[in-house]
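Heads up: the protein sequence lines correspond to chains A and D, in order.
All residue numbers for the first sequence refer to the working numbering, where the first residue is -18 and numbers rise by one.
All residue numbers for the second sequence refer to the working numbering, where the first residue is -18 and numbers rise by one.
Glycine included, every Cβ here is placed at the ideal spot set by N, Cα and C.
Shown next, in structure tokens, is the structure this report addresses.
There are 2 protein chains.
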Amino acid sequence: MVTIKDVAKKAKVSVSTVSRVINNKPDVSKKTRERVFQVIKEINYQPNYIARSLVNGKTNTVGFFYRDITLFGITHPFAIEVINGIYSELYKHNLDLTFFIKDTKLLNSTLSITDVCRRKKVDGAILVGFREYERYTEDIGSTSIPIVLIDFPIEGSRISYVTSDNLGGSIKAIEHLIGLGHKKIGFINGGLWAHVSRERLKGYRQALKKHNIAFEENLVEETDFTPETAENAVEKLIHNNRDITAFFCASDLIAAGAIKRLKEMGLRIPTDISIVGFDDIEQSKSYRPPLTTVQQDKRKIGCEAVKILVKMINDNEYIPQRIKLPTKLVIRQSTTKIKK
Amino acid sequence: MVTIKDVAKKAKVSVSTVSRVINNKPDVSKKTRERVFQVIKEINYQPNYIARSLVNGKTNTVGFFYRDITLFGITHPFAIEVINGIYSELYKHNLDLTFFIKDTKLLNSTLSITDVCRRKKVDGAILVGFREYERYTEDIGSTSIPIVLIDFPIEGSRISYVTSDNLGGSIKAIEHLIGLGHKKIGFINGGLWAHVSRERLKGYRQALKKHNIAFEENLVEETDFTPETAENAVEKLIHNNRDITAFFCASDLIAAGAIKRLKEMGLRIPTDISIVGFDDIEQSKSYRPPLTTVQQDKRKIGCEAVKILVKMINDNEYIPQRIKLPTKLVIRQSTTKIKK
DNA sequence: TTGTATGCGTTATCAT
DNA sequence: ATGATAACGCATACAA
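Below is the structure:
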């Protein structure tokens, strides 16, 4: 390995001078600077970032922790978009991204996320897909390494939190449906372990209440966010409530499952049943029919997370943020006025 | 920061003893071992991997380099699947993954990929989306850090190469079409800068030749793999060759663009025009009509890349591999017998 | 402007 | 079985 010593020797200067040159310090004569650069090029020296990190305590690396429920890796369009947002922003700050995927196989690991952060010495971390109460995150509140949580809230002096306005988004969805004359609105939610699910449920209830529609327990089903579980949920809801005219689905993937099963049951969308999704993933445009859905700015979630994280990294006193990004109802063809 | 010294002090042993304990070395008495572990737990010590890496020269990290053409990040389904394959395998070997995305904005950077690898001291690297001849990769042949290339071949004593059998896949696609009676088969290729495109073109030509169909220059168009450019390509081909009855598309995304435009032009698929894609991305099942396509095992590409990389990392003498994974024709509803 | 010396946290070598 | 010490490659405080 070619080190700074080799450069120093060949350029006939001290190691510290070389260090000054590669770090663009001012106090070095033009002549030696050029000579050093010349040697660097000649022997193709590349500074060892590991050694550098050990000295200055920074790795210029951000850890990305993903809670993989599916065991298939990062497949959910939401997560992929968020990651791309994260990356595009990280890029501007010249930070690297290291992936740490936690899944159930790892449950025997005794390491919490903060443990991993401390070991690997990442400058900060972004978490996606975790829950408030689980071993990975149980000690997270006291982290000294800055962390940004996406879509689930934990308090801490070094923890920020970015999410969408899930409550408001749900209200928009339900009011859209109510505006079209729907009163019996089924709700196919994600798992209640997810904070977003609880928020969306809250929105569903609030909207109904505002319009004087009674909340009915048996109009709501939980899923694990996959199309597969959604299929069963929608069938169950239909069976128990023959007069349902619309469904609000807590994600587009859930909507995909619901649509599939409804079609199999001979129901037409939106003629017989209106459907609203959540997320506005790329594919939902191409659903048959194209999906009316609540749009989240997934990329922006990633960008904002990084922006905040960078501020936290650079300023120990930076006050943690709790950010709710606005959502927007995108009306396509899966919803229509109720049949008389 | 709590270091090994703190543990040593509190446990009243030397630093070396602590080191032995945390590395599970045998030569330490059960008693002290337990005492040390006790202290470690008490003060929540986590070993500093950076320091460790500096000593033993290994980071347990693999670099992932992605050539982003779109500037939208990693959005291509092919790449996403490959990454998930990479990850699932890396996981077994307890290696971390660090992302380095190169795009055109970075073209002013003077750093090649091997430079970055040497700086960051990754144990190995996997490259996706690059070309044989560009500055990022121009010095790659002489890398001492093991590298696995996906989908483009460069020789080197520390370079392996994983790809699909693109040539064979194309032949299967074309022969399927020929078997259905098609003779005028348009080919919407990706960019010829990509090795896979050249292979697929080769397959197209070979298959035609084998069946005594003359190759026609103006039946072939290049795209940049996006649906958008594919739309124009397909229109141009149709305009110049009214008698085309089928298209072979070098990717499913290209097929998506082609289908879209053909429909807009009033052509029915497969009644008027048959379409074969390449890749078999998840969505192609849901195309209208579901796409007949050449399936690549994208996840396996990622897995194999890692397996080989790990071997290269652990054995300096390991002979680089050139692997071609088999492809498979998946027949769905976008192809049919030619109209009389 | 340049060089010397020290330390970052760890592992490994050599003693004891 | 345990401890002292050097070394990894670099940045930096201090000296010159």
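From the options, residue whose alpha carbon lies closest to that of residue i
i, options, result
"E119 of chain A", "A:A106, A:P127, A:L92, A:I126", "A:L92"
"A323 of chain D", "D:I50, D:I304, D:R186, D:K279", "There is simply no residue 323 of chain D to check, as chain D begins at -18 and stops at 321 in what is shown."
"H176 of chain D", "D:F81, D:M293, D:N41, D:N147", "D:N147"
"D132 of chain A", "A:I159, A:F168, A:L173, A:D104", "A:L173"
"I135 of chain D", "D:K320, D:I304, D:V97, D:R33", "D:I304"
"E212 of chain D", "D:R242, D:V287, D:D224", "D:R242"
"N222 of chain A", "A:S138, A:N199, A:T207, A:A237", "A:N199"
"S178 of chain D", "D:D260, D:I21, D:A(-11)", "D:D260"
"Y117 of chain D", "D:S151, D:D49, D:G238", "D:D49"
"S69 of chain D", "D:K288, D:V311, D:L310", "D:K288"
"R186 of chain D", "D:G162, D:I219, D:V215, D:G150", "D:G150"
"F206 of chain D", "D:T226, D:V215, D:I235", "D:I235"
"G184 of chain A", "A:A227, A:A231, A:K266, A:K165", "A:A231"
"F168 of chain A", "A:L130, A:I219, A:S123", "A:I219"
"A106 of chain A", "A:I152, A:K164, A:F46", "A:F46"
"V(-12) of chain D", "D:I24, D:N5, D:A154, D:K6", "D:I24"
"F228 of chain A", "A:T274, A:K191, A:I262", "A:T274"
Same chain, Cβ closer than 6 Å to residue i, neighbours up to 5 away in sequence not counted
i, result
"G283 of chain D", "V63, G66, I67"
"S145 of chain A", "Q277, L306, T308"
"T56 of chain A", "none"
"P301 of chain D", "I140, S141"
"L189 of chain A", "F196"
"S34 of chain D", "T40"
Within chain D, partners of residue i - CB distance below 8 Å
i, result
"A32 of chain A", "L35"
"I61 of chain A", "I55, T56, I61"
CB contact check: residue i to chain A, cutoff 9 Å
i, result
"Q27 of chain D", "yes"
"G66 of chain D", "yes"
"S315 of chain D", "no"
"L108 of chain D", "no"
"T42 of chain D", "yes"
"Y117 of chain D", "no"
"Y114 of chain D", "no"
Cβ-based burial, residue i [other Cβ within 10 Å; buried from 16]
i, result
"Q27 of chain A", "buried"
"F53 of chain A", "exposed"
"T(-2) of chain A", "buried"
"A(-8) of chain A", "buried"
"D296 of chain D", "exposed"
"V97 of chain A", "buried"
"N193 of chain D", "exposed"
"T51 of chain D", "exposed"
"N37 of chain D", "exposed"
"Y30 of chain D", "buried"
"I94 of chain A", "buried"
"K153 of chain A", "buried"
Sequence-distant residues of its chain with Cβ nearer than 8 Å to residue i (five each side left out)
i, result
"K217 of chain D", "E202"
"I270 of chain A", "First, the residue type needs correcting, since residue 270 of chain A is Pro and not Ile in the sequence shown. The residues are I250, P251, R313, Q314, S315."
"D323 of chain D", "Lying outside -18 to 321, the shown extent of chain D, residue 323 of chain D is not represented and no answer is given."
"D8 of chain A", "R1"
"G171 of chain D", "V177, S178, R181, E203, T204, D205, F206, A231, S232, I235"
"K266 of chain D", "L272, R313"
"M246 of chain A", "E216, I219"
Residue i: contacting residues in chain A (beta-carbon distance under 8 Å)
i, result
"R329 of chain D", "Since the first and last residues shown for chain D are -18 and 321, residue 329 of chain D lies out of range."
"D77 of chain D", "T79, F80, F81, K101"
"Y185 of chain D", "Under the 8 Å cutoff, chain A gives no residues; its nearest Cβ is about 28 Å from Y185 of chain D."
CB contact below 9 Å: residue i versus chain D
i, result
"I82 of chain A", "yes"
"T56 of chain A", "yes"
"S267 of chain A", "yes"
"L130 of chain A", "no"
"D96 of chain A", "yes"
"Y392 of chain A", "Here chain A comprises residues numbered -18 to 321, so residue 392 of chain A is not present and cannot be evaluated."
"L88 of chain A", "The predicted model places L88 of chain A with a pLDDT of 49, which falls under 50 and marks its position as unreliable; any figure quoted below should be read in that light. So no, L88 of chain A is outside the interface."
Neighbourhood of residue i by C-beta, 7 Å cutoff - its chain only, sequence neighbours within 5 removed
i, result
"I240 of chain D", "I250, I256, Y268"
"V(-6) of chain A", "T13, V17"
"G162 of chain A", "K318, I319"
7 Å Cβ cut-off: residues of chain A touching residue i
i, result
"Q264 of chain D", "Q264"
Partner residues on chain D for residue i, Cβ-Cβ distance less than 7 Å
i, result
"S69 of chain A", "G54"
Listed by chain order, chain A residues near residue i by CB distance under 9 Å
i, result
"Y299 of chain D", "Ordered by position in chain A, no residue passes the 9 Å Cβ test against Y299 of chain D, which lies about 20 Å from the chain."
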